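Colleague: Just so we're aligned: the sequence shown equals residues 3 to 651 in our numbering.
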Amino acid sequence: MVSPSVSQTEFKLEKNFRNRLYFFTGLIVLSQIIFILQLINLQIINGVENSLKAERFVRKSESLPAARGQVYDRNFISPEFSKRSILVSNSPTLDVILNYSQFGKNPEKIKQFIVTFYKTLSIPKGYYAKLLNDSKFTNKVRRKKPIVLLQGISREQHERISVFDNIYKNVTLITTPRRIYHMGPALAHVTGYVGKPSSKDLKNRDIKSYQLIGKGGIEIQYDEYLRGVDGFRIQKRNSEGHIEEEKVIEHAKMGKNLVLTIDKNIQLSAYKALKGFRGTIIALKPGTGEVLAMASNPSFDPNILSGKNRKERTLHLKRIQKNRSFYNLAIQSKNPPASLFKTMVALAALENTQKVPFDSSYTYKCTGKYTLKSHFPGVADQDYLCWKPAGHGSVNLIEAIEKSCSVYFYNLGYRLGPEAILSYAKLFRLDKTSKIDIPGERVGFVPSNEWKKRKYGVKWFDGDTINLSIGQGFIATTPIGMSLFYMAILNNGKIYQPFLLSEVRNPVNNSIIYKNESKIIQDIPIKPSTIETLKHALKSVTRTGTAAYVMNGPGIPDVAGKTGTAQTRRRGLSSSNHAWFVGYAPADAPVEEQILVTVFVEYGVGGSVGAAPLAKQVFEAAFRGSAIKKAKLDGFSKDKKVTMEALNW
Numbered sequence: 003m004v005s006p007s008v009s010q011t012e013f014k015l016e017k018n019f020r021n022r023l024y025f026f027t028g029l030i031v032l033s034q035i036i037f038i039l040q041l042i043n044l045q046i047i048n049g050v051e052n053s054l055k056a057e058r059f060v061r062k063s064e065s066l067p068a069a070r071g072q073v074y075d076r077n078f079i080s081p082e083f084s085k086r087s088i089l090v091s092n093s094p095t096l097d098v099i100l101n102y103s104q105f106g107k108n109p110e111k112i113k114q115f116i117v118t119f120y121k122t123l124s125i126p127k128g129y130y131a132k133l134l135n136d137s138k139f140t141n142k143v144r145r146k147k148p149i150v151l152l153q154g155i156s157r158e159q160h161e162r163i164s165v166f167d168n169i170y171k172n173v174t175l176i177t178t179p180r181r182i183y184h185m186g187p188a189l190a191h192v193t194g195y196v197g198k199p200s201s202k203d204l205k206n207r208d209i210k211s212y213q214l215i216g217k218g219g220i221e222i223q224y225d226e227y228l229r230g231v232d233g234f235r236i237q238k239r240n241s242e243g244h245i246e247e248e249k250v251i252e253h254a255k256m257g258k259n260l261v262l263t264i265d266k267n268i269q270l271s272a273y274k275a276l277k278g279f280r281g282t283i284i285a286l287k288p289g290t291g292e293v294l295a296m297a298s299n300p301s302f303d304p305n306i307l308s309g310k311n312r313k314e315r316t317l318h319l320k321r322i323q324k325n326r327s328f329y330n331l332a333i334q335s336k337n338p339p340a341s342l343f344k345t346m347v348a349l350a351a352l353e354n355t356q357k358v359p360f361d362s363s364y365t366y367k368c369t370g371k372y373t374l375k376s377h378f379p380g381v382a383d384q385d386y387l388c389w390k391p392a393g394h395g396s397v398n399l400i401e402a403i404e405k406s407c408s409v410y411f412y413n414l415g416y417r418l419g420p421e422a423i424l425s426y427a428k429l430f431r432l433d434k435t436s437k438i439d440i441p442g443e444r445v446g447f448v449p450s451n452e453w454k455k456r457k458y459g460v461k462w463f464d465g466d467t468i469n470l471s472i473g474q475g476f477i478a479t480t481p482i483g484m485s486l487f488y489m490a491i492l493n494n495g496k497i498y499q500p501f502l503l504s505e506v507r508n509p510v511n512n513s514i515i516y517k518n519e520s521k522i523i524q525d526i527p528i529k530p531s532t533i534e535t536l537k538h539a540l541k542s543v544t545r546t547g548t549a550a551y552v553m554n555g556p557g558i559p560d561v562a563g564k565t566g567t568a569q570t571r572r573r574g575l576s577s578s579n580h581a582w583f584v585g586y587a588p589a590d591a592p593v594e595e596q597i598l599v600t601v602f603v604e605y606g607v608g609g610s611v612g613a614a615p616l617a618k619q620v621f622e623a624a625f626r627g628s629a630i631k632k633a634k635l636d637g638f639s640k641d642k643k644v645t646m647e648a649l650n651w
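(1) Suppose only complete runs of 4+ residues qualify. What are the alpha helix (DSSP H) ranges in the region 326–411, listed by chain order?
(2) Short of 8 Å in beta carbon distance, which residues of its chain neighbour aspartate 385, apart from the five on each side in sequence? Order them along the chain.
(3) Taking DSSP's pairing of strands, which residues face valine 261 in a bridge?
(4) Mapping DSSP to helix, strand and coil, what is glutamine 269?
(5) Ignoring anything shorter than 3 residues, give me the beta strand (DSSP E) runs that lie fully in the region 115–163, in order along the chain.
(6) What is the rounded straight-line gap between the Cα of valine 250 and the Cα of valine 231?
(7) Let's see if you can read the secondary structure: which residues bound the alpha helix (DSSP H) around leucine 598?
(8) Whole angstroms is fine: what's the gap from lysine 537's alpha carbon to lysine 310's?
(9) Kindly indicate which residue of Thr369, Val347 and Cys368 has the alpha-carbon position closest to the one of phenylalanine 360.
(10) Just the Cα atoms here: how many angstroms apart are histidine 191 and glycine 395?
(11) Flag this pair as yes or no: are the beta carbons of valine 173 and asparagine 101 separated by less than 9 Å?
(12) Would you decide whether proline 615 is buried or exposed? Buried here means 16 or more other CB atoms lie within 10 Å of its CB.
(13) Can you find the residues in the same chain that come closer than 7 Å, C-beta to C-beta, to serine 576, ignoring five residues on each side of it along the sequence?
(14) Report yes if the CB atom of glycine 442 is closer than 9 Å to the CB atom of glutamine 323, and no otherwise.
(15) Based on the DSSP output, what are the partners of leucine 66 in its beta bridges?
(16) Nearest to valine 543 by alpha carbon, out of Val448, Leu342 and Pro500?
(17) Do the CB positions of lysine 437 and tyrosine 488 come within less than 9 Å of each other?
(18) Let me know if tyrosine 212 comes out buried or exposed under the rule of 16 or more other beta-carbons within 10 Å of its beta-carbon.
(19) Per DSSP, which one or two residues make a beta bridge with aspartate 525?
(20) Taking Cβ positions, are arginine 76 and isoleucine 264 nearer each other than 9 Å?
(21) Figure out for me which residue from Pro300, Gly219 and Asp303 has the closest Cα to the Cα of leucine 262.
(22) For proline 615, which three-state DSSP category applies?
(23) So threonine 435 is in the alpha helix (DSSP H); what residue range does that whole segment cover?
(24) Between the Cα of phenylalanine 279 and those of Ser450, Val611 and Arg626, spot the shortest distance and give me the residue it belongs to.
(25) Ignore the nearest five residues each way along the sequence and tell me which others in asparagine 330's own chain have a CB closer than 7 Å to its CB.
(26) For my contact list, alanine 550 and threonine 567 are in at a C-beta cut-off of 8 Å; report their separation, rounded to the angstrom.
(27) For the alpha helix (DSSP H) that contains lysine 427, what are its first and last residues?
(28) Take the Cβ of asparagine 493 as the centre, count every other Cβ of all protein chains shown within 10 Å, and call the residue buried at 16 or more, exposed below.
(29) Taking the alpha-carbon positions, what's the serine 425 to isoleucine 222 distance?
(30) Compute the distance between the beta-carbons of alanine 68 and glycine 257, then report whether it is under 9 Å.
(31) Are at least three pairs of beta-carbons, each pair with one atom in the region 173–189 and one in the region 84–101, less than 8 Å apart?
(32) Does the Cβ-Cβ distance between isoleucine 523 and arginine 444 come in under 9 Å?
(33) Which partner residues of aspartate 97 appear in the DSSP bridge assignment?
(34) Taking 7 Å as the limit between beta carbons, can you name the residues of its chain near asparagine 508, skipping five residues before and five after?
(35) CA-CA distance, isoleucine 112 and phenylalanine 166?
(36) For glutamine 223, which of helix, strand or coil comes out of DSSP?
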């Protein structure tokens with residue numbers, strides 16, 4: 003039985019609970035009534051007034067794009083004294099933006115004004131017809147999206163806009179940065195250019211759609227250094243689009259400045275030397291790997307591609323496509339190295355004396371041809387010709403390199419065998435990239451017996467070795483690859499990674515943030531006697547050999563080098579040759595003071611007439627005013643005659 007006291011307690015608790023429930027229920031109902039009344043007040047009673055207030059002011063967050071860092075050549079000291087060393091800079095330009103204040107959201111009025119605007123500036127209808135016929139135009143107007151009427155206006159256009167009040171009050175002039183490439187096409191393959199990001203860029207990289215990003219060369223290689231950090235501001239605009247208040251929350255930080263290893267004077271001389279030719283010139287410091295010049299022709303104008311004139315940009319891109327001007331021949335062309343490779347064969351022979359008894363005094367008689375005896379019944383012997391039909395007579399290694407005697411190297415290569423030659427070609431990285439710090443580099447090609455079996459279903463023949471011995475046949479190298487091989491000779495076997503970036507600097511205080519250092523990417527043990535023999539031979543080429551006619555003369559120090567003429571077939575119709583030359587100067591100076599120049603010219607006839615003269619122009623620019631005198635080469639007479647037919651080899 004339940005006691006009366008327990009029942010009375012439960013009753014009181016239940017009563018208290020009901021009172022609290024009624025209270026909270028009433029509070030919720032009252033809150034909803036107040037909310038509904040306030041809504042009625044905002045939307046119905048004072049709806050028009052509140053709507054006008056809401057439309058009167060709009061707060062908008064806007065990004066402030068950072069200016070890209072500037073680029074200087076190796077002679078840069080500070081921004082105050084940078085006029086002679088500036089390569090890439092920024093210049094402010096004026097863009098014309100439509101001001102909506104007089105038009106509201108009336109597309110027809112805006113179209114009428116746009117027509118008047120362009121007619122006032124004498125701009126053809128075709129320029130703005132596309133804008134007016136754009137299906138997105140009306141949508142842009144309704145949403146009051148910025149409409150750019152003109153980009154990068156001239157001073158004359160600015161003055162005309164200012165004169166006509168009906169024009170001036172309806173537009174806004176804003177300043178935007180423009181990228182200026184001071185050397186234009188002369189340095190285009192090194193600098194690259196900038197442009198708007200593609201959809202792929204936006205997907206794979208941490209960038210914004212409005213930013214300008216690097217497109218090739220240094221601009222893309224070091225884009226993260228150059229791009230800087232964007233700022234942002236908040237603008238308070240009225241319903242007519244006028245700015246009532248503006249506050250910068252974070253200022254944009256300019257990108258970092260780059261100092262390159264490039265020398266403007268040497269670069270310009272290399273580009274000028276290539277005028278009228280399809281080819282490339284590389285100049286570098288063999289003792290460090292610093293690239294002083296890298297020119298490729300045909301080229302393109304990065305100022306046009308980075309500019310705001312769409313029509314001009316489209317026409318330029320068509321010319322680029324037609325001429326394959328984006329192709330950087332210095333690091334992307336692959337061709338037979340021709341007689342430049344004879345130095346490699348000589349090195350392999352001098353380093354393999356245990357396998358094949360050989361030294362620089364070894365002589366072989368050149369009669370104008372080399373006969374390869376057939377090992378197969380019914381197959382005739384094969385004759386391989388020297389460039390000189392009458393032959394060179396008995397020559398030793400030095401003389402064979404000096405005169406570029408092919409018969410001597412046919413014999414030497416046959417004695418060595420393909421394995422020794424190809425192993426050294428790989429050792430000197432002819433089948434690898436140089437690791438230079440711009441994108442797009444291709445690797446050279448070093449064949450093998452296994453490759454030939456896979457490719458053609460037949461083994462390596464002795465004839466393949468004969469061709470290989472003079473840099474013909476299947477082997478293909480890049481100009482930068484040949485530069486590194488000759489660099490190794492000057493560095494006693496050391497190959498430095500070629501590089502273009504010297505320093506990264508703070509744009510505010512010019513302090514050095516990063517300094518690039520030389521890096522050895524290959525260190526090959528070579529006997530000192532081999533090095534001396536090859537250097538001796540290379541000096542003889544320019545003094546009494548195939549390049550003597552070109553390199554002898556005032557204005558440059560003593561040059562050593564090697565000419566090459568790659569036999570090829572042009573468009574499958576008529577025979578023609580590519581021209582090669584690799585040389586260094588001063589020939590007898592320490593490697594730290596030398597400059598190594600590589601020239602490759604497509605269909606340049608021959609190394610001595612198509613490539614060596616171009617190298618001479620670069621040496622003249624590099625050593626202009628130098629007091630260095632030509633040294634004498636012991637054992638070689640200046641009275642020796644150089645025949646004109648020798649100039650092609």
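All C-beta atoms, glycine included, are put in the ideal place defined by N, C-alpha and C. Please read these numbers as outputs of a predicted model, since none were measured by experiment.
Modeller: Quick answer:
(1) Qualifying alpha helix (DSSP H) stretches, in chain order: 331–334, 344–353 and 399–405.
(2) Closer than 8 Å at the Cβ level, and outside the excluded window around aspartate 385, lie Lys371, Tyr372, Thr373 and Leu374.
(3) When DSSP reads this structure, valine 261 sits in a beta bridge with Tyr74 and Glu505.
(4) If DSSP states are grouped into helix, strand and coil, glutamine 269 belongs with the helices.
(5) Taken in chain order, the unbroken stretches of beta strand (DSSP E) that lie wholly in the region 115–163 and span 3 residues or more are 150–152.
(6) Each residue's alpha carbon lies about 14 Å from the other.
(7) Counting along the chain, leucine 598 falls outside any alpha helix (DSSP H), though it belongs to the beta strand (DSSP E) covering 597–603.
(8) The alpha-carbon atoms of lysine 537 and lysine 310 are separated by roughly 52 Å.
(9) Out of Thr369, Val347 and Cys368, Val347 has the C-alpha closest to the C-alpha of phenylalanine 360.
(10) Roughly 45 Å between the two C-alpha positions.
(11) Cβ atoms of valine 173 and asparagine 101: closer than 9 Å.
(12) Proline 615 should be labelled buried.
(13) The predicted position of serine 576 is uncertain, since its pLDDT is 42 and thus under 50; a value taken from the coordinates is nonetheless stated next. In its chain, beyond the 5 residues on either side, no residue has a beta carbon closer than 7 Å to the beta carbon of serine 576.
(14) Cβ atoms of glycine 442 and glutamine 323: not closer than 9 Å.
(15) DSSP output for leucine 66 lists Gly233 as bridge partner(s).
(16) Comparing Cα positions, the closest option is Leu342.
(17) With respect to the 9 Å criterion, lysine 437 and tyrosine 488 are not classified as neighbours on the basis of their beta carbons.
(18) Exposed: under 16 other Cβ atoms inside 10 Å.
(19) According to DSSP, which records beta bridges pairwise, aspartate 525 is partnered with Lys496.
(20) Result yes, Cβ atoms of arginine 76 and isoleucine 264 sit closer than 9 Å.
(21) Of the candidates Pro300, Gly219 and Asp303, the one whose C-alpha sits nearest the C-alpha of leucine 262 is Gly219.
(22) The three-state secondary structure of proline 615, taken from DSSP, is helix.
(23) In this chain, threonine 435 is not harboured by any alpha helix (DSSP H), its DSSP state being neither H nor E.
(24) Considering only alpha carbons, the answer is Val611.
(25) Cβ-Cβ distances below 7 Å link asparagine 330 to His191, Ser298 and Gly442 in the same chain, with the five nearest sequence neighbours on each side left out; the list follows chain order.
(26) Under the criterion of beta carbons closer than 8 Å, alanine 550 and threonine 567 do not qualify as touching, at roughly 16 Å.
(27) Sequence check: residue 427 is alanine here, not lysine. From DSSP, the alpha helix (DSSP H) with alanine 427 extends over 420–429.
(28) With a 10 Å radius around the Cβ and a threshold of 16 neighbouring Cβ atoms, asparagine 493 comes out buried.
(29) CA-CA distance, serine 425 to isoleucine 222, rounds to 35 Å.
(30) If you check the CB distance, alanine 68 and glycine 257 come in under 9 Å.
(31) Taking a contact to require three or more Cβ pairs closer than 8 Å, the region 173–189 and the region 84–101 qualify as touching.
(32) Taking 9 Å as the Cβ cut-off, isoleucine 523 and arginine 444 do not qualify as a contacting pair.
(33) DSSP lists Ile176 as partners of aspartate 97.
(34) Cβ within range, chain order: Lys258 and Ile515.
(35) Straight through space, the alpha carbons of phenylalanine 166 and isoleucine 112 are spaced by roughly 17 Å.
(36) Helix, per DSSP.
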